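Engineer: Take this structure, written in structure tokens, and hold onto it; I'll ask about it next.
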Amino acid sequence: MTRVNLIDPSNATAGVTPQLEQIKGAFGVVPNMFKAVANSPAALNSLWGGFGALAGGRLGAKLGEQIAVAVADRNNCNYCLAAHTALGRKAGATGQEMTEAQSGRSQEPRTAAALAFVIKAVEKRAELHDADFDALRAVGFDDEGIVEIIAHIALNLFTNYINIALDVPVDFPSVKLTRTAA
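Residues in the sequence shown are numbered from 60 upward in steps of one, following my numbering.
Here is the structure:
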């Protein structure tokens, strides 16, 4: 059971109602994660704004979702793994591509380099080396793309921590973790 109340959108305060309406418009429902975060208008604004900002970035939805499942798998976040696997499929990824992304792999070299960087950044708590950035540049990422990858990591760490710490009930089809968090 969740450790905070899940805010019912029909009874939400004016401080979160507009965002919850936008979220419902995007998903058709308000997922439990957003109901939990809606306890704090500031946190909901930050979370929803982050998703919106990165959706308009250059990486694209598919790579963004592949990054999300790689981070979720590293952090043992069942909620995010389920949600982002579903969203990745909606963004055009195959089931196999999403499963590979959980482990930081891809058949596509550019995606593989991005996911390897993501896995290392999460596992090493962002203590990266010049060679890690050189590997991204070698497959065509420029400074903007590199910063967006790091922004995706940070946003997904935020959602992982919310869902794990608050024990948010998963309301997406379940996906098996491939790795247990360290």
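For every residue, glycine included, the Cβ atom is placed at its ideal position computed from N, Cα and C. Since the model is a prediction, treat every value here as computed from it, not as a measurement.
1. Our contact map puts Val-128 next to Ile-212 with C-beta atoms below 8 Å; I'd like the distance itself, whole angstroms only.
2. Do Thr-61 and Asp-226 have their beta-carbon atoms positioned less than 8 Å apart in this structure?
3. Please report how far the alpha carbon of Gly-123 lies from the alpha carbon of Phe-192, in whole angstroms.
4. Using alpha carbons as the reference points, say which of Asn-104, Trp-107, Ala-73 and Ala-152 lies closest to Ile-126.
5. Compare the Cα-Cα distances from Ala-85 to each of Ala-101, Leu-236, Arg-169 and Gly-111 and report the closest residue.
6. I need the DSSP call for Ala-129, collapsed to helix, strand or coil.
7. Ignore the nearest five residues each way along the sequence and tell me which others in Pro-90's own chain have a CB closer than 8 Å to its CB.
8. Let me know the secondary structure DSSP gives Ser-69 once reduced to three states.
9. In the DSSP assignment, find the unbroken alpha helix (DSSP H) run with Ser-91 in it and report its ends.
10. If Gly-163 and Ala-145 are in contact, beta carbons under 8 Å, what's the gap, nearest whole angstrom?
11. Sort Pro-100, Gly-116 and Asn-135 by Cα distance to Ser-233 and report the nearest one.
12. Could you pull the start and end residues of the alpha helix (DSSP H) that His-211 belongs to?
13. If you reduce the DSSP assignment to three classes, tell me which class Cys-136 lands in.
14. Given a threshold of 16 other Cβ atoms within 10 Å of its Cβ, counted over all protein chains shown, does Ser-69 qualify as buried or as exposed?
15. So Pro-100 and Gly-74 are supposed to be a Cβ contact under 8 Å. How far apart are they, rounded?
16. Going by CA-CA distance only, name the one from Asp-132, Leu-216, Ala-197 and Ala-171 that's closest to Arg-184.
17. Are Ile-205 and Val-96 close, meaning C-beta to C-beta below 8 Å?
18. What is the DSSP secondary structure of Asp-230, reduced to helix, strand or coil?
Structural biologist: Based on what the coordinates show:
1. Here the question's residue 128 lines up with position 69 in the sequence shown. Here the question's residue 212 lines up with position 153 in the sequence shown. That pair is no contact at about 12 Å.
2. The residue you call residue 226 lines up with position 167 of the sequence shown. The residue you call residue 61 lines up with position 2 of the sequence shown. It is a contact, given that the beta carbons lie within the stated cut-off.
3. Taking the sequence shown and counting its residues from 1, one reaches residue 123 at position 64. Taking the sequence shown and counting its residues from 1, one reaches residue 192 at position 133. Rounded to whole angstroms, Gly-123 to Phe-192 spans 18 Å at the Cα level.
4. Locating residue 126 in the sequence shown gives position 67, counting from the first residue. With distances taken between Cα atoms, Ile-126 lies closest to Ala-152.
5. In the sequence shown, residue 85 corresponds to position 26, counting from 1. Ranking Ala-101, Leu-236, Arg-169 and Gly-111 by Cα distance to Ala-85 puts Gly-111 first.
6. For the purposes of this step, residue 129 is taken as residue 70 along the sequence shown, with counting starting at 1. It is helical.
7. Counted from its first residue, the sequence shown places residue 90 at position 31. The beta carbon of Pro-90 is closer than 8 Å to those of Ile-82, Ala-142, Asp-230 and Phe-231 in its chain, skipping five residues each way along the sequence.
8. Residue numbering aside, residue 69 sits at position 10 when the sequence shown is read from its first letter. Here Ser-69 sits in helix by DSSP.
9. Start at 1 with the first residue of the sequence shown, and residue 91 comes out as number 32. According to the sequence shown, residue 91 is Asn rather than Ser. Asn-91 -> alpha helix (DSSP H) spans 91 to 96.
10. Position 104 of the sequence shown holds residue 163. Position 86 of the sequence shown holds residue 145. Not quite, the Cβ-Cβ distance comes to about 20 Å (not below 8 Å), so this is no contact.
11. Start at 1 with the first residue of the sequence shown, and residue 233 comes out as number 174. Of Pro-100, Gly-116 and Asn-135, the smallest CA-CA separation from Ser-233 is found for Asn-135.
12. On the sequence shown, residue 211 is found 152 positions in, with the first residue counted as 1. It spans 202 to 225 - the alpha helix (DSSP H) in which His-211 sits, taken as one unbroken run.
13. Taking the first residue of the sequence shown as 1, we reach residue 136 at position 77. Cys-136: coil per DSSP, three-state reduction.
14. The residue you call residue 69 lines up with position 10 of the sequence shown. If you draw a 10 Å sphere on the C-beta of Ser-69, you find fewer than 16 other C-beta atoms in it, and that means exposed.
15. Against the sequence shown, residue 100 aligns to sequence position 41. Against the sequence shown, residue 74 aligns to sequence position 15. Right, their Cβ atoms sit about 4 Å apart.
16. Here residue 184 corresponds to residue number 125 of the sequence shown, with the count starting at 1. For the residues Asp-132, Leu-216, Ala-197 and Ala-171, the minimum Cα distance to Arg-184 belongs to Leu-216.
17. What you label residue 205 is simply residue 146 of the sequence shown in a count that begins at 1. What you label residue 96 is simply residue 37 of the sequence shown in a count that begins at 1. Cβ distance not < 8 Å, so Ile-205 and Val-96 don't count as in contact.
18. Walking along the sequence shown from the start, residue 230 turns up at place 171. In the three-state DSSP reduction, Asp-230 falls in the coil class, being neither helix nor strand.
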